[in-house]
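Here the structure is laid out as structure tokens; the discussion comes afterwards.
Numbering (my numbering), first residue to last: 166 to 782.
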């Protein structure tokens, strides 16, 4: 039986491959896919060959896993041998192996790295129908599709990092301003889907370093680097920027700007010009919608803009004091320009971080975050950060999964390079029981922000769902080697060791986490020889529970202790309390960490039902 397309995928991507097949067939395209179409009793290899030979087109669901799959490579080899036209549906931007690059360097490819996946598969359906009817369709129709980005040829080499700009001002207080200019250029580039842009937190690691450009590019996985410097003195502003091709450190473009800033629009004009020039140098496609977003002026008030930049500056190093200072600057920005939507997103961010870090009561912090982001959305609903913050609040505080997913998708449509949006969206997809899609976003988040410790933690926590405990432990050690003070990683490491049954290492990691948060009860862990593992965990949980009677203690810090102790009753007691106050740990009760202990408990099943999630097996 003849088929329109043969679908090739790695076994790791089975769920995604089946999704592609289902939607294509809904669009009237017949598919051959293993194992569904392998006749019982027929040799597997023989069935694959017959499936390829009976198909008109070959679709590769391309991810890091397929890149290294021997089976996928064999299928691609046979498809090329039989003369099939190949379409590479790219779900991840990863370098091709030499073997695949040999076959696929000149084939059609279609990017599907931003949500929703269904949209891209529907685009794929149109492309497939176009190619199947090529004898009846003019060649220029395919060329138009290519020019629109529906279909492209070859690999995307347009990956870029914007390094921290150097502050040439004698007054170091102006660092916030130069940082802000650099960030805005980066943010503008991130709005261009045809570019892969590394996030600020990763490039920040190179501030003050003198590494060769080629070495930095290799570490970040990019082909181009932007560097620059600037100074501000009074109302005068100077800026120098240059674009460098990492290979052989070739300078492609450079320009200096110097002018008196009479209006804040003068700054935005320079930032826009630099971003558009860089994109043009890389021959990146800028859609009319992207151009409109890039050229938008967020405020016309100089003082508001400077206050906002100061607020963002203090958000870079998170602690209670810096969050307080950041909030004051955001409030000043709003005072100077009540219509400044970005300043309200800053307020929302401050309150959300307070909620997640246990710096404020979750319900109160969540309410204030919601009020701020609602106001921001009223002022301008076409900002990626507005939708991202709405998604975070709906996910982490309100637990409205449908609305949260919708907002993540809107944020990523506006800014497809938003690493944190990809990362948290992956967490949500795991909660919703869609691991195939989750992996795509988790991997992309990591690649867009490879040196961001928070993103690494999110990425590593995904391994708890997949029961890849050694991989999580490895990531934790990697981060802690770079920054031993990042104690939050010890909590995840302790849980991974616990699930492996290595209780001594679980105790060591858990101890480090808790003595950083609650140094007054560090003596409990010294009682391990007498109380044993479960006894120590129970006692630590009891002491924190007692402290919660006098001051706020996150249930998120109490629940894991009782779970490690195997104390089902108290684990459930505090999970239920967490549910009541919208504690950040509650949506993750489907983790194997909790499910392995509580799966047969009616109270646990009731909580899952209330949250409208299922445990992850």
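Every residue, glycine too, gets a C-beta built ideally from N, C-alpha and C.
When the Cα atoms are used, what is the spatial distance from residue i to residue j?
i           : j           : result
residue 691 : residue 489 : 36 angstroms
residue 507 : residue 513 : 10 angstroms
residue 448 : residue 396 : 30 angstroms
residue 618 : residue 644 : 7 angstroms
residue 660 : residue 440 : 44 angstroms
residue 305 : residue 225 : Reliability fails at residue 305, whose pLDDT of 48 lies under 50, so the model's placement of it is uncertain and the value that follows must be treated cautiously. Taking the straight line joining both Cα atoms gives about 25 angstroms.
residue 480 : residue 198 : 49 angstroms
residue 750 : residue 399 : 48 angstroms
residue 324 : residue 363 : 8 angstroms
residue 407 : residue 393 : 6 angstroms
residue 401 : residue 427 : 9 angstroms
residue 495 : residue 553 : 18 angstroms
residue 190 : residue 380 : 46 angstroms
residue 710 : residue 519 : 21 angstroms
residue 462 : residue 430 : 7 angstroms
residue 254 : residue 685 : 55 angstroms
residue 173 : residue 292 : 17 angstroms
residue 669 : residue 626 : 21 angstroms
residue 640 : residue 168 : 44 angstroms
residue 182 : residue 290 : 14 angstroms
residue 201 : residue 216 : 11 angstroms
Give me the residue from the options with the minimum Cα distance to residue i.
i           : options               : result
residue 732 : 719, 743 and 699      : 699
residue 355 : 451, 413 and 393      : 451
residue 584 : 342, 292, 758 and 607 : 607
residue 741 : 724, 516 and 757      : 724
residue 517 : 555, 244 and 288      : 555
residue 464 : 382, 502 and 487      : 502
residue 717 : 693, 734, 697 and 743 : 743
residue 537 : 265, 478 and 492      : 492
residue 572 : 280, 376, 767 and 739 : 280
residue 343 : 403, 596, 297 and 326 : 403
residue 257 : 581, 528, 366 and 773 : 581
residue 550 : 532, 599, 575 and 780 : 575
residue 658 : 651, 669, 675 and 646 : 675
residue 459 : 471, 547, 473 and 486 : 547
residue 230 : 605, 499 and 203      : 605
residue 505 : 523, 542 and 486      : 542
residue 365 : 184, 695, 409 and 613 : 613
residue 457 : 269, 579, 291 and 181 : 579
residue 649 : 678, 477, 720 and 631 : 678
residue 453 : 358, 446 and 524      : 358
residue 510 : 533, 521 and 405      : 533
residue 527 : 629, 720 and 569      : 720
Could you please give me the residues that DSSP links to residue i through a beta bridge?
i           : result
residue 414 : The partner list for residue 414 (beta bridge, DSSP) is empty, contrary to what the question assumes.
residue 420 : 406
residue 171 : 197 and 223
residue 208 : According to DSSP, residue 208 bridges with nothing at all.
residue 394 : 331 and 405
residue 326 : 390
residue 255 : 227 and 276
residue 250 : 222
Where does residue i sit, in a helix, a strand or coil, going by DSSP?
i           : result
residue 177 : helix
residue 651 : coil
residue 738 : helix
residue 640 : helix
residue 627 : helix
residue 374 : coil
residue 425 : strand
residue 365 : helix
residue 481 : coil
residue 618 : helix
residue 313 : Any answer about residue 313 is weak, because its pLDDT of 47 lies below 50 and its placement is not dependable; what the coordinates show is given next. DSSP places residue 313 in helix when its eight states are reduced to three.
residue 544 : helix
residue 714 : coil
residue 532 : helix
residue 582 : coil
residue 632 : coil
residue 359 : coil
residue 726 : helix
residue 747 : coil
residue 701 : helix
residue 756 : coil
residue 158 : In the structure as shown, the chain begins at 166 and stops at 782. Residue 158 is therefore absent and cannot be evaluated.
Touching or not, the region 727-741 and the region 635-652, by the rule of three or more beta carbon pairs under 8 angstroms?
no
Query raised in the report: Between the region 349-358 and the region 370-379, do at least 3 Cβ pairs fall closer than 8 angstroms?
Result: no
Exercise. Per the contact definition of three or more C-beta pairs closer than 8 angstroms, is the region 589-600 in contact with the region 549-563?
Worked result: yes
Meets three-Cβ-pair contact criterion under 8 angstroms: the region 283-291 and the region 204-217 | no
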